[in-house]
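The block underneath contains the structure these notes are about, expressed in structure tokens.
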Amino acid sequence: MLTLKQFMHIPDGILSAPILAGFGAASGLSVLYSARKAEASTQAHRIPLLGVLGAFVFAAQMVNFPVGPGASGHLLGGALLAATIGPWAASITMTAILLIQALVFQDGGVLALACNVFNMAILGVWVAWLPFQAISKAGHRRLGLFVGAFLSVLLSAVMALSQVAWSSGVMSQGLWIFCLGLFSITGAIEGAITLAAWEAIERLEGSAAKREQGNRVGAWILASSVVVMLAGVFFASNSPDVLEFFQHQSGITATASAYPALMPDYQWGQLDGEWVRKSAAGVAGLIGVFLVSLAISKLVPRGQQ
Amino acid sequence: MQLDPRCSLLLLLGYLIALASITPGHNLLLALMCLLPIALLLFSPVNKADLLAQAAYVLPFSFAIAAVALLRGNTAEAVFFLLRSYISILAVLIVTKLVSTLELLRAMERLGAPRFLIIVSEFLMRYLEVLRKEADSMRLAALCRGAAQSKLIAASSLGMLFVRSLERSTGIHNAMLARGFNGRLPRLFPMHWRLSDSLALCVGWAGIAALRWTI
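Sequence order for the protein chains is A and B. Per the numbering used here, the first sequence starts with residue 1, numbered consecutively. Per the numbering used here, the second sequence starts with residue 1001, numbered consecutively.
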């Protein structure tokens, strides 16, 4: 199965020369500057620390987090690194991770490293760091970390997909919307795992603040899903998506329309306005999926999930 | 003849750039470019079947792109993306089998990559296996306790791994100081660029350019 982590590591042979040249220049300059800043701000004892933390991110990816019935995810690490060692050192550590992944594990291309470094080590780290800093200053450190991790994964993946789309021209609007939904879910999972790891680190280091009341992470995942879903309604296209295109080509549509649909065309009932009908259908779908997941998690014994 | 790692790296980059510059629709040119890594594979002292199988690792990603191209009716484009990504990774695999990762990292340093980045990468390489084993032991211990599906245990394991990584890095730094670390890692085997490397680089780049731009 193709995981998002694999999808974010673009291999060689997919991207076009102009994209590689453009992002190569941007990544090269950014890494040179980040290395200079990280070296200037890093005491000698932090040199092994950065290497060992890079190895930690690799090892941490072996620890699976249960994220729902029968599903698990793992840490990607950019936001956690940015929050613990700062953005310059985190950029260099992430670049080192990507370099080793490309050379030793063939996870991402050597030439495509230009784009992978830009997406995950530069953009991924800074979009995690900036909201973390801003929201932490307002006194909501955990919220800042969650938002940072969510944006880090979402924007890195969107940028990777954009590079593939600009290079190959094979992406359709329907596929874009599907991928945005997928990336949002993965971003929310990364946020929840980063937050859980951060809290565990704080507890172990003896500086854990009083735990916040209620399950804020769950609430934020739900809130993010609603925001992404409502935004998706605005940007959704009336053109057929890939599956619909395939249905039309193969003649499946005629068979499929013989069955009554609960919410045809993703619209609910007789409400006024197309946007309201689509939003209502989206919220109903989201609540439905949540209730089904909840029921499965209660009914299926934990060991079988 | 053993080439300088810098020469091998520059030849690989030259080949990958030439390959990236081929646009979809030029499948014959792409097929001709495939001859270079295949010829190198035939004459290299590496396990050929293993490398050919290992190069398939990239196919899930490329299949996703090719499937979308296929759904839009561009069969030639789908074949192009599959072949180009497969042959690119094959070229990288051959070079990484012939030249060690440590040598490639040092070649990058000598070619202008930031020294700080290379030192961090070397440390990462060195402690990767150590921390992987540690994470594996913690995962096994959690399984033995029957806590494999607990979010709390997973978070605690990650936190513990982080704290152990911090402790280990402090220990490593102390050991380095005891050995007289002054901010630079000594290089035991300095690289020597010979005339044969210049010759191989010129001939290699000329061959790649001739194949790419004159056919």
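Glycine included, every Cβ here is placed at the ideal spot set by N, Cα and C. These figures come from a predicted structure and were not determined experimentally.
- For Leu195/A, the enclosing alpha helix (DSSP H) starts and ends at 173-204.
- By the 16-neighbour rule on beta-carbons within 10 angstroms, Phe1162/B is buried.
- Here DSSP, grouped into helix, strand and coil, assigns Ser41/A to helix.
- With a threshold of 8 Å between beta carbons, Glu1134/B makes contact with chain A.
- Taking Ala157/A as the centre and dropping the five residues before and after it, the same chain places the C-beta of Met8, Phe183 closer than 6 Å to its C-beta, in chain order.
- Here Thr1214/B carries a coil assignment [DSSP, helix/strand/coil].
- Following the DSSP letters along the chain, one finds Pro11/A in no alpha helix (DSSP H), marked with neither H nor E.
- Only residues of its own chain outside the window of five on either side were considered, and among them Trp1205, Ile1208 have a CB closer than 6 Å to the CB of Gly1014/B, listed in chain order.
- Of the candidates Tyr1057/B, Ala1053/B, Leu1019/B, Tyr1057/B places its Cα closest to the Cα of Asp107/A.
- Here the C-alpha atom of Lys1097/B lies approximately 47 Å from the C-alpha atom of Ile135/A.
- Within the region 1006-1019 of chain B, the residues whose Cβ lies closer than 8 Å to any Cβ of chain A are, in chain order, Leu1012, Leu1013, Leu1016, Ile1017, Leu1019.
- Taking C-beta atoms as the reference points, Trp88/A and Lys37/A count as a pair closer than 8 Å.
- Listed along chain A, the residues sitting closer than 8 Å to Ile1087/B by beta-carbon distance are Gly13.
- Leaving aside the five residues that flank Ala60/A on each side, the residues in its chain whose CB is nearer than 7 Å to its CB run, in chain order, Leu75, Gly77.
- For the pair Ala112/A and Pro11/A, the CB atoms are nearer than the 8 Å cut-off.
- Within the region 1139-1191 of chain B, the alpha helix (DSSP H) runs of at least 4 residues that lie entirely inside it are, in chain order, 1151-1178.
- For Gln173/A, no Cβ of chain B is located within less than 8 Å of the residue's own Cβ.
- Residue-level contact by beta carbon holds for Pro1114/B and chain A, with a gap shorter than 8 Å.
- Contacts between Met1176/B and chain A, judged by CB atoms closer than 8 Å, involve Pro48 in chain order.
- Annotated three-state conformation of Val1046/B is coil, per DSSP.
- The DSSP-derived three-state label of Ser167/A is helix.
- The beta carbons of Phe1081/B and Ile14/A sit closer together than 8 Å.
- If you check the CB distance, Leu1211/B and Cys1007/B do not come in under 8 Å.
- The beta carbon of Val1163/B falls within 8 Å of a beta carbon belonging to chain A, placing the residue at that interface.
- Cβ neighbours of Ser1021/B within its own chain (closer than 8 Å, five residues either side excluded): Arg1212.
- Close CB contacts of Ile201/A within its chain, under the 8 Å cut and outside five residues either way in sequence, are with Thr84 (chain order).
- Judged by DSSP secondary structure, Met94/A falls within the alpha helix (DSSP H) whose first and last residues are 87-104.
- If you draw a straight line from the Cα of Ile1118/B to the Cα of Phe178/A, it comes to about 38 Å.
- The beta carbon of Met171/A sits closer than 6 Å to those of Ala165, all from its chain and outside the five residues before and after it, given in chain order.
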